[in-house]
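Take a look at the structure set out below.
Residue numbers (this note's numbering): 2 to 102.
Printed below as a string of structure tokens:
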């Protein structure tokens, strides 16, 4: 058997829309996932394999951070990782909708 593929390349069992032919290093791999869509794809893949882990590292943190932001007053800036954007936006919109009703 030949050498195994680098860790950032799929083994053939995974599906992805990432063009792995342009990834030649860890740095390339990291740059290729710095989009919201790629972060979403990665989290969906991890969630299929380890749903409880994703619940703790993403979902519970999203909820905690949005609850803290809702307690703030005035103009605020919040910097979060890509994997948190979808969940935090949904929770924020839901909180704003709940306040309107």
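Idealized CB from N, CA, C, for every residue including glycine. Quantities reported herein were computed from a predicted structural model and do not represent experimental measurements.
- If you look at residue 42, you'll find it in the alpha helix (DSSP H) that goes 37-50.
- Residue 25 sits in coil when the DSSP states are folded into three classes, being neither helix nor strand.
- The beta carbons of residue 85 and residue 63 sit closer together than 8 angstroms.
- The region 36-43 and the region 78-94 touch, with three or more beta-carbon pairs separated by less than 8 angstroms.
- In terms of CA proximity to residue 61, 92 leads the group 27, 100, 92, 77.
- In this chain, the alpha helix (DSSP H) harbouring residue 88 covers 83-101.
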